[in-house]
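Mapping of the sequence shown onto numbering that gives the first Met the number 0: position 73 corresponds to residue 72, and the numbering continues sequentially without gaps. Even for Gly, the Cβ is constructed at its ideal location relative to N, Cα and C.
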Amino acid sequence: MSGLIERLGAAAGLAAALACASPALAGERTTLTGDWGGQRTDLAEDGIIFRGDYVSETFSVLDGGLRRGGGYTQQIRVGADFDLDKLAGWSGGILHLTFNDRRGKGVSSDVVGNRLPIQEAYGGQYTRLTELSIEQQLDGGRLDLRAGFFAMGNDLGGMAIGCNLVNAAFCAHPLSMSGDSGWYNYPNARWGVAARYAVRPDVLVRTGVYQVNPALNDKRNAWRPFASGSTGVMLPLEVEYDRGGKGGLPGHYKLGAYYDSSRVTRQGETGTVKGRYGVYLLADQMIWREGSGNRGLSLFGQFTSNPKASAPITRWYEAGLVKTGTFRGRDADTIALGVVHARLNPRLRQAYVDAAATPVDYGALPVGETAIELSYGWQATRWLTVRPDVQYVIEPGAFGYRDTPNALAVGAQVKAQF
Numbered sequence: 000m001s002g003l004i005e006r007l008g009a010a011a012g013l014a015a016a017l018a019c020a021s022p023a024l025a026g027e028r029t030t031l032t033g034d035w036g037g038q039r040t041d042l043a044e045d046g047i048i049f050r051g052d053y054v055s056e057t058f059s060v061l062d063g064g065l066r067r068g069g070g071y072t073q074q075i076r077v078g079a080d081f082d083l084d085k086l087a088g089w090s091g092g093i094l095h096l097t098f099n100d101r102r103g104k105g106v107s108s109d110v111v112g113n114r115l116p117i118q119e120a121y122g123g124q125y126t127r128l129t130e131l132s133i134e135q136q137l138d139g140g141r142l143d144l145r146a147g148f149f150a151m152g153n154d155l156g157g158m159a160i161g162c163n164l165v166n167a168a169f170c171a172h173p174l175s176m177s178g179d180s181g182w183y184n185y186p187n188a189r190w191g192v193a194a195r196y197a198v199r200p201d202v203l204v205r206t207g208v209y210q211v212n213p214a215l216n217d218k219r220n221a222w223r224p225f226a227s228g229s230t231g232v233m234l235p236l237e238v239e240y241d242r243g244g245k246g247g248l249p250g251h252y253k254l255g256a257y258y259d260s261s262r263v264t265r266q267g268e269t270g271t272v273k274g275r276y277g278v279y280l281l282a283d284q285m286i287w288r289e290g291s292g293n294r295g296l297s298l299f300g301q302f303t304s305n306p307k308a309s310a311p312i313t314r315w316y317e318a319g320l321v322k323t324g325t326f327r328g329r330d331a332d333t334i335a336l337g338v339v340h341a342r343l344n345p346r347l348r349q350a351y352v353d354a355a356a357t358p359v360d361y362g363a364l365p366v367g368e369t370a371i372e373l374s375y376g377w378q379a380t381r382w383l384t385v386r387p388d389v390q391y392v393i394e395p396g397a398f399g400y401r402d403t404p405n406a407l408a409v410g411a412q413v414k415a416q417f
């Protein structure tokens, strides 16, 4: 564990050194590598915008779980957006290209043994193609269409406010979506067509048609977007109300539903079921603003519901708050607190009891897993964020049908924009 703490301290020390070395740049430079001697701006004016970022998450489990220990994981993402109007006279067209690389160890998978990942950037620890798509804007920007190979979760079912926390249950989609159907979040890309339409400036409708292909999650298919294995299509529909569009306190309210046409194993019973579906409600709202800037307090919440026949997670409950602007002069820093509970399908619990070689008390099995997280986001510079973090996982063995001690994990996340 000492090695993990040393790496955590080194990361925080590096962040502090970078923040203090050139304080003048904190208000000017938005990326680590700057403007490349003016070439970055010139390329952007010509229609080519480069993107890149780094995320690391280092955690140690101090108590509970399967054992004590820790892990470090990282993600490097690079890509570019090509303005086809500037490059080829294609009005309203944009080409997106993104690659992703993940490395490291999972604390939840290897140490705690729980379902709600303590590290958001863990999963699929290899290099892959994550996006190759074309976006087209029509009707003065009211209608936005995208087609190609990309992650559907980038457009639907997300809450940006949740990424003020580190656990993947908060940042940025309810895991019941991807855990109960062929809904794929970043970096898992699929072929699809997406549409977004602004009914009014404050009301958006999103929908699309996406391939369901579990084989594309395999490392061997990281560079094979046309790999076989499709089981059906995903059909989502989401309506969003943006309350801050009229100058009031910012708030976002999303009501959605989805249907996956795949035939899958019936949960806790023999046979199969045709089709998986779910409904969700997501909301965040600033309830208090300090002055005219971004300082203030916001609340957020999530709820999802899925049928027992096809869903391992039948209910999802989440709530939290984010305070933006902490101490004097720290207008971009945040303090966030979140609580999430994933309810295990009771049919799976009963099936485990029925199949056990020795008698098992159904009532003694955990009904689900809960995670509580407290995080402080230190905006060291405009391109660097350091996030010390504490997480407490209750009933971490729920989805493994075992009694595992509640786990306490501490660590930090570092984010840098290249």
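By the CB criterion at 8 Å, I133 and F299 fall outside the cutoff.
By the neighbour-count definition (other C-beta atoms within 10 Å, threshold 16), T369 is a buried residue. The bridge partners DSSP lists for T126 are D100. A distance below 7 Å between beta-carbons, with the five flanking residues on each side excluded, links Q378 to the following residues of its chain, in chain order: A331, D332 and T384.
Within the same chain, G112, P365, D402 and T403 come within 7 Å of G396 by CB-CB distance, once the 5 residues on both sides are set aside.
Measuring C-alpha to C-alpha distances from H340 to each of A167, D283 and R329 identifies A167 as the nearest. Proximity of the stretch 229 to 236 to the stretch 147 to 163 meets the contact definition, three or more beta-carbon pairs being nearer than 8 Å.
Look at P387 here: in three-state DSSP terms it is strand. Between E130 and C170, the C-beta gap is not smaller than 8 Å, which leaves the two residues out of contact. The three-state secondary structure of I117, taken from DSSP, is coil. Here the C-alpha atom of G191 lies approximately 21 Å from the C-alpha atom of P173. Residue burial annotation: E394 is buried, with at least 16 other C-beta atoms found within 10 angstroms of its C-beta. Residue environment analysis places F225 among the exposed positions, since fewer than 16 neighbouring C-beta atoms fall within 10 angstroms of its C-beta. Taking C-beta atoms under 8 Å as the contact rule, L320 and R288 fail to qualify, at a distance of about 14 Å. Listed in chain order, the beta strand (DSSP E) runs fully inside the stretch 246 to 314 are 250 to 264, 271 to 288 and 295 to 304, counting runs of at least 3 residues. Only residues of its own chain outside the window of five on either side were considered, and among them C170, G319, A335, G337, E372, S374 and D388 have a CB closer than 8 Å to the CB of L164, listed in chain order. Leaving aside the five residues that flank Y351 on each side, the residues in its chain whose CB is nearer than 6 Å to its CB run, in chain order, Y400. When C-alpha distances from R102 are compared across W89, G123 and D109, the shortest belongs to G123. Residue environment analysis places Q210 among the buried positions, since at least 16 neighbouring C-beta atoms fall within 10 angstroms of its C-beta. Assignment of beta-bridge partners to T72 by DSSP yields E56 and G103.
Excluding five sequence positions before and after Y240, the CB atoms of its chain that fall closer than 7 Å to its own CB belong to D201, V202 and Y252, given in chain order. Distance from the CA of S177 to the CA of G36, rounded to the nearest whole angstrom, comes to 43 Å.
Within the DSSP bridge table, the entry for L407 names D62 and Y391 as partners. The residues S175, G178, D179 and A341, in chain order, have a CB closer than 6 Å to that of I312 in the same chain once the five nearest residues on each side in sequence are set aside. Residue range G367 to T380 is occupied by the beta strand (DSSP E) that includes S374. For the 8 Å CB-CB criterion, Y183 and R189 form a contact.
Annotation: the continuous beta strand (DSSP E) that includes Y209 extends over V202 to V211. The DSSP-derived three-state label of R28 is coil. When rounded, the separation of the alpha-carbon atoms in R314 and L137 is 38 Å. Between R294 and G270, the gap from beta carbon to beta carbon reaches 8 Å or more. Assigned with DSSP and collapsed to three states, D45 falls in helix. Cβ-Cβ distances below 8 Å link R265 to T271, V272, A308 and S309 in the same chain, with the five nearest sequence neighbours on each side left out; the list follows chain order. In its chain, beyond the 5 residues on either side, T40 have a beta carbon closer than 7 Å to the beta carbon of D34. Under the three-state reduction of DSSP, R189 is assigned to strand. Nearest to A43 by alpha-carbon distance, out of S227, D80, T57 and S55, is D80. Sequence-distant partners of D143 (beyond 5 residues in either direction) whose C-beta falls short of 6 Å from its own C-beta, in its chain, are Q136 and R195.
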